[in-house]
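Only one structure is covered here, and it is reproduced in the block below.
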Amino acid sequence: MKVYGIKNCNSVKKALEFLNQKALEFDFTDIKKIDLNILENWLKYKKFSEIINTAGTTSKKLGLNKDKIENLDEFELKNIILENPSCIKRPVIEKDDQIYIGKEYEQIS
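So the sequence shown is residues 37 to 145, counted in my numbering.
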């Protein structure tokens with residue numbers, strides 16, 4: 037299992053605590069180190085609107101609301117995410133060909 041996030045993010049801290057309490061093994065990667073291959077893998081399972089945290093500071097600065105996300109093409113959205121990975125909802129967890137974003141980690145067993 038792979039966990040992507042920012043160590044000092046409260047949401048990520050809660051997820052890591054949850055995974056540790058369940059004694060689940062995982063590799064942690066700073067979300068700022070993702071590349072196009074990782075992002076494209078996530079997009080096999082999730083929509084841009086599920087990956088981008090529209091309530092976050094970075095997204096607000098970029099004006100990334102639901103309408104803008106729907107009106108930008110895939111190429112533009114990928115570039116925005118890769119240039120501004122802090123706009124990604126955290127954590128992102130890859131496990132058994134599934135992607136869990138944000139509080140979805142609570143579904144992991």
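All residues carry an ideal CB built from backbone N, CA and C; glycine is no exception.
- No Cβ-Cβ contact shorter than 8 Å links residue 88 with residue 128.
- By the Cβ neighbour-count rule, residue 41 is buried, with 16 or more other Cβ atoms within 10 Å of its own.
- For residue 37, the CB contacts under 6 Å within the same chain, skipping 5 residues up- and downstream, are 62, 131 in chain order.
- The stretch 102-141 contains, as complete alpha helix (DSSP H) runs of 4+ residues, the segments 102-107, 110-119 (chain order).
- Considering only 58, 101, 107, the residue with the shortest C-alpha distance to residue 124 is 101.
- Straight-line spacing of the CA atoms in residue 104 and residue 112 works out to 11 Å.
- It is roughly 17 Å from the alpha-carbon of residue 86 to the alpha-carbon of residue 48.
- Taking C-beta atoms as the reference points, residue 58 and residue 137 fail to come closer than 8 Å.
- Residue 65 sits in a strand when the DSSP states are folded into three classes.
- Between residue 118 and residue 60, the gap from beta carbon to beta carbon reaches 8 Å or more.
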